[in-house]
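A.B. asks:
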Amino acid sequence: MIRKSLFLGLTLVLVVALITLIIRGYKIEKDQARQPSEKVEEAKSTATRVLAPQDLKILSSKTVVEKKADPKKSSCISLHEIEIRNDGKVSYKDVQLRFAYFDRKGKELATRIHTAAQIISPGATIKLNDIMISDVPIPTVDSKATIISADIDSASAKEP
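Numbered according to numbering that gives the first Met the number 0, the sequence shown spans residues 0 to 159.
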C-alpha cells in the first residue's frame, strides 16, 4: 500500500511539473511572437560606383601596338591615348577602362582592364596619354576601349 501511494504521489508531482513546463513554454513562445527578434533598419543609400556611366564619353582612342617580340613570349606591348569627356553633374575618379584586342579578321583575342586614377570634373575633358598595357597577343591589329565603371568623387557628391 505504501508503494502504491508513493508511486501515485511521485506520478502526480511529475504530471504537475510537466504541465507547468508546458504552460511556461507556451507563454514564452507567445511573448517572442509579439516582440520581433531582430530589428531591420534601412540605411540611406549612397552611390559610390557607377557601372558603365552614361555621363562619360570616350571622344578619341588611339592605339599603338609595339611588336617587340620576345622569343620566350608570344606577346607585345600596346600604348593607348584616350580622351574622355564628362557630360554629367558630378565628378568621377578611378575610371576603369576595358581594352579589347582584335586580329585582322575582327576576332577578339584578349581583354585587359586599366584604372585611370584622375578626377574628371563635370563638363571637363581629360586626355590619358601614357596607358601602357603589356602581355597583349602578337597578332593584334586593332583595339577598342570601353568604360566599365567609375567612382563618384566624394568631394563633389552633395546630398539633396
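All C-beta atoms, glycine included, are put in the ideal place defined by N, C-alpha and C. Quantities reported herein were computed from a predicted structural model and do not represent experimental measurements.
Assuming A16 is part of the alpha helix (DSSP H), what are its boundary residues?
C.D. replies: Start and end: I1 to R33.
A.B. asks: For D129, name the three-state secondary structure that DSSP assigns.
C.D. replies: Residue state, collapsed to three classes: strand.
A.B. asks: Leaving out five residues on either side along the sequence, give the residues of the same chain with a beta carbon under 7 Å from the beta carbon of T47.
C.D. replies: Cβ within range, chain order: D150 and I151.
A.B. asks: Consult DSSP for K56 and reduce its assignment to one of helix, strand or coil.
C.D. replies: K56: strand per DSSP, three-state reduction.
A.B. asks: Three-state secondary structure (DSSP) at Q95?
C.D. replies: Looking at Q95 - three-state DSSP - the assignment turns out to be strand.
A.B. asks: Just mark L96 as buried or exposed, buried being the case when its beta carbon has 16 or more other beta carbons within 10 Å.
C.D. replies: Label assigned to L96: buried.
A.B. asks: Could you pull out every residue in the same chain whose Cβ sits closer than 7 Å to the Cβ of A123, ignoring the five residues on either side in sequence?
C.D. replies: N85.
A.B. asks: Closest by CA to D93, which one among V140, I18 and I112?
C.D. replies: Nearest of V140, I18 and I112 to D93, Cα basis: I112.
A.B. asks: Report buried or exposed for P121, applying the criterion of at least 16 other Cβ atoms within 10 angstroms of its Cβ.
C.D. replies: Exposed, because fewer than 16 other Cβ atoms sit within 10 Å of the Cβ of P121.
A.B. asks: Where do the ends of the beta strand (DSSP E) carrying S77 lie?
C.D. replies: Taken as a continuous stretch (DSSP letters only), the beta strand (DSSP E) holding S77 covers S74 to N85.
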